[in-house]
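Asker: Residue numbers 54 to 506, in our numbering, belong to the letters of the sequence shown in order.
Glycine residues also receive a C-beta, built at the ideal position from the N, C-alpha and C atoms.
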Amino acid sequence: MRTALPDRGPFALRARILTPLASGGTRYEADGRLVVDARGVITHVGPWSDGSDDGPDDRGADPRHDVIDLRPLILMPGMVDLHVHLPQLPNAGVGAGLDVLTWLERYTFPLEHAFDRATAERLAPQAYRAFAAAGTTTALIYGAVYEASLDAAFRAAEAHGIRAVIGKVMMDRDVYDDSVPPERQLEANLRQSADLCARWHGRDDGRLRYAFTPRFAVSCSADLLRESAALARAAGAYWQTHLSESRPELAEVAHLFPEALDYLDVYDRAGGLVPRTILAHAIHLSAREVARLADSGAAVAHCPASNLFLASGAMPLTRYREAGIRVGLGSDVSGGPELSIFATMRAGAFVQSARRVCEHDEATQALGPLEWLRLGTYEGARALGQEDRIGSLEAGKEADLIAVDPRLVAPVPGEDSHDPAEVMSRLAFRPHPDMVRAAWVRGRRLEGPIGVT
Ligand SMILES: [Zn+2]
54 MRTALPDRGP FALRARILTP LASGGTRYEA DGRLVVDARG VITHVGPWSD GSDDGPDDRG
114 ADPRHDVIDL RPLILMPGMV DLHVHLPQLP NAGVGAGLDV LTWLERYTFP LEHAFDRATA
174 ERLAPQAYRA FAAAGTTTAL IYGAVYEASL DAAFRAAEAH GIRAVIGKVM MDRDVYDDSV
234 PPERQLEANL RQSADLCARW HGRDDGRLRY AFTPRFAVSC SADLLRESAA LARAAGAYWQ
294 THLSESRPEL AEVAHLFPEA LDYLDVYDRA GGLVPRTILA HAIHLSAREV ARLADSGAAV
354 AHCPASNLFL ASGAMPLTRY REAGIRVGLG SDVSGGPELS IFATMRAGAF VQSARRVCEH
414 DEATQALGPL EWLRLGTYEG ARALGQEDRI GSLEAGKEAD LIAVDPRLVA PVPGEDSHDP
474 AEVMSRLAFR PHPDMVRAAW VRGRRLEGPI GVT
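Structure below.
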């Protein structure tokens, strides 16, 4: 037995295991075994006593010689953050009480304006370590507008090992990029984004991917929305933007796009509603928009901590799930104050309670802790269309996982428990900044978590 953490496969871990299952439900092993091969693929998950699959892997490495005992840590799938703004990390926690449009003008645009290549080279490695320390192994990321800063962000992700989908923010209205004259904004945005996509989409066997990223309808012309959606479809890349976050924004979009039926229709007319599209927030949708969104197959990044922080609204999660819309969780830093998807689950539970109590929404169901775990992992992977690779700990999937110390919850250690719902509830409602002790993507250990002592 070894206690040092493995840096890459092949290895076998002895630990508790808690994971959603692709077929539904949850698996909990009080004393489990998880085996990863040299390619970083999970070859076995089961109780420790069941060592039958523990032989040499297909490359001849024998994990029996490299078993690491992590008990009482819990292995879980890595968290999936479906919505986060890389340049805004330093601003997290600032601007509470402002509406979204004021907050953008006062804090966000100045920060993004300064996010040049040198800033990206300094900040991105710190950011990826912070993601991993929070338990996030996959992130769907907005950059700033500068092409060179996006190359720097991708290079840092390539080196760190995090799984990431990243996009240059595209704007051709109210732009902060004064290096490009207004009449060339549309063409420059499209060309730079297409070039970035060509360089990075699919890199490292799909660990890094590209998202065409028009900021939102207020910042974009109909041409930019349409052309960027066409580029995304042609490249098989993602398309991400914001939808229906705040009431003042809805009024502005109605003013700018009088021909559209509603906010969602602006993106529908652009050809943006396809399964590789992820729309952040989607709070104030009409019945028509909910039905059309479900029909289109586009996914929603639910960002409850941000929605509370900026007082944007309380998204009707139950309604969307019942309609068949794929929904995962986003931290939306710095609209949201924390990177942790565990903390995002807590905010999500509060938002659903608020809907029941304050809006008398009888249809809203209280999700249990294990359902929040599923939203933060498997459903995030499903929103990205990557649930065949990641999102749960099951044989055949890539080994994107975290080791969490269930004793290390704030403010004092919790009672140990083998009830998985109790364990998950403590981790979601009392997350400790050091509770994630290790994180791996495709079996490769990520820098960031503090490790085991
Ligand atoms: Zn956002």
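Check whether the Cβ atoms of Ala354 and Ile331 sit closer than 8 Å, and answer yes or no.
Answerer: Taking 8 Å as the Cβ cut-off, Ala354 and Ile331 qualify as a contacting pair.
Asker: Name all residues in chain order for which at least one heavy atom of ligand 1 lies closer than 6 Å to the residue's CB.
Answerer: Output, sorted by chain position: His136, His138, His295, Ala333, Asp385 and Gly388.
Asker: Run through the DSSP bridge pairs and tell me what Ala192 is partnered with.
Answerer: Paired residue(s): Asp134 and Ala217.
Asker: Helix, strand or coil: which one does DSSP assign to Glu305?
Answerer: Glu305: helix per DSSP, three-state reduction.
Asker: Would you list the residues sitting across from Tyr316 in a DSSP beta bridge?
Answerer: The partner list for Tyr316 (beta bridge, DSSP) is empty, contrary to what the question assumes.
Asker: Closer than 8 Å is the cut-off here; do at least three beta carbon pairs connect the stretch 474 to 486 with the stretch 454 to 463?
Answerer: Contact between the stretch 474 to 486 and the stretch 454 to 463 is present, because at least three Cβ pairs lie under 8 Å.
Asker: Can you check which of these residues, Arg495, Leu392 and Gln418, is closest to Ala186 by C-alpha distance?
Answerer: Ranking the options by Cα distance to Ala186, first place goes to Leu392.
Asker: Are the CB atoms of Met129 and Leu454 nearer to each other than 8 Å?
Answerer: It is a contact, given that the beta carbons lie within the stated cut-off.
Asker: For my contact list, Leu277 and Asp231 are in at a C-beta cut-off of 8 Å; report their separation, rounded to the angstrom.
Answerer: Not a contact, Cβ separation roughly 18 Å.
Asker: If contact is defined by three or more beta carbon pairs under 8 Å, each pair taking one atom from either stretch, is the stretch 358 to 376 in contact with the stretch 398 to 407?
Answerer: Contact holds: three or more Cβ-Cβ distances are below 8 Å.
Asker: Reducing DSSP to helix, strand and coil, say where Tyr263 ends up.
Answerer: Reduced to three states, the DSSP call for Tyr263 is strand.
Asker: Give me the Cβ distance between Ile586 and Val476, rounded to the nearest whole Å; I'm assuming they're in contact under 8 Å.
Answerer: The question about residue 586 has no answer, for the chain in this structure spans 54 to 506.
Asker: Do the stretch 429 to 444 and the stretch 87 to 95 make contact, defined as three or more Cβ pairs closer than 8 Å?
Answerer: They do not touch, by the three-pair rule.
Asker: When you compare only the Cα positions, how much space is there between Ser478 and Asp458?
Answerer: When rounded, the distance between both Cα atoms is 13 Å.
Asker: State buried or exposed for Thr506, treating a residue as buried only when at least 16 other CB atoms are found within 10 Å of its CB.
Answerer: Exposed: under 16 other Cβ atoms inside 10 Å.
Asker: So Thr397 and Gly388 are in contact, right, with Cβ under 8 Å, and what is the actual spacing, rounded?
Answerer: Contact flag wrong, Cβ pair sits at about 12 Å.
Asker: Exposed or buried, what is Ala304 when buried is set at 16 or more other beta-carbons lying within 10 Å of its beta-carbon?
Answerer: Exposed, since its Cβ has fewer than 16 Cβ neighbours within 10 Å.
Asker: Classify Asp348 as helix, strand or coil using the three-state DSSP reduction.
Answerer: Asp348 falls in the helix class under three-state DSSP.
Asker: Rounded to whole angstroms, how far is the Cβ of Gly188 from the Cβ of Arg497, which I believe are closer than 8 Å?
Answerer: Going by Cβ atoms, the distance from Gly188 to Arg497 rounds to 16 Å, so no, they are not a contact pair.
Asker: Check whether the Cβ atoms of Arg208 and Thr191 sit closer than 8 Å, and answer yes or no.
Answerer: Against a cut-off of 8 Å, the Cβ pair of Thr191 and Arg208 comes out as no contact.
Asker: Do Tyr195 and Thr79 have their C-beta atoms closer together than 8 Å?
Answerer: Not a contact, by the Cβ cut-off of 8 Å.
Asker: Does the distance from the CB of Pro73 to the CB of Ser445 come in under 8 Å?
Answerer: Taking 8 Å as the Cβ cut-off, Pro73 and Ser445 qualify as a contacting pair.
Asker: Go ahead and pull the three-state DSSP assignment for Ala114.
Answerer: Bear in mind that a pLDDT of 49 at Ala114, under 50, signals an unreliable position, so the model cannot answer this.
Asker: Could you give the distance in angstroms between the alpha-carbon of Gln179 and the alpha-carbon of Leu142?
Answerer: If you take the alpha carbons of Gln179 and Leu142, they lie about 10 Å apart.
Asker: Can you name, in chain order, every residue of its own chain whose Cβ lies under 7 Å from the Cβ of Leu261, other than the five neighbours on each side?
Answerer: Phe207, Ala210, Glu211, Ala217 and Trp253.
Asker: For my contact list, Leu363 and Leu151 are in at a C-beta cut-off of 8 Å; report their separation, rounded to the angstrom.
Answerer: Correct: roughly 7 Å between the Cβ atoms.
Asker: Which ranges would you report for the alpha helix (DSSP H) in the stretch 379 to 460 if only whole runs of at least 4 residues count?
Answerer: Taking only runs of at least 4 residues, the alpha helix (DSSP H) segments lying wholly in the stretch 379 to 460 are 394 to 411, 422 to 429 and 431 to 436.
Asker: Do Leu66 and Leu139 have their CB atoms nearer than 8 Å?
Answerer: It is not a contact, given that the beta carbons lie outside the stated cut-off.
Asker: Got a sec? Which residues, its chain only, sit under 6 Å from Val233 by beta carbon, not counting five neighbours each side?
Answerer: Ala241.
Asker: Can you tell me which of Ala270, Gly467 and Tyr373 puts its alpha carbon nearest to the alpha carbon of Asp227?
Answerer: Answer by Cα proximity: Ala270.
Asker: By the three-class DSSP mapping on this structure, what secondary structure does Leu126 have?
Answerer: Note: Leu126 maps to strand in three-state DSSP.
Asker: Which residue or residues does DSSP assign as beta-bridge partners of Pro100?
Answerer: Pro100 is bridged to Gly85.
Asker: Excluding sequence positions up to five away, which residues of its chain have a Cβ less than 7 Å from the Cβ of Val153?
Answerer: Around Val153: Glu298, Ser299, Glu302, Leu363 and Ser365.
Asker: Which of the three DSSP states is assigned to Pro357 in this structure?
Answerer: Here Pro357 sits in helix by DSSP.
Asker: Answer with buried or exposed for Pro466, where buried requires no fewer than 16 other C-beta atoms within 10 angstroms of its C-beta.
Answerer: It counts as exposed.
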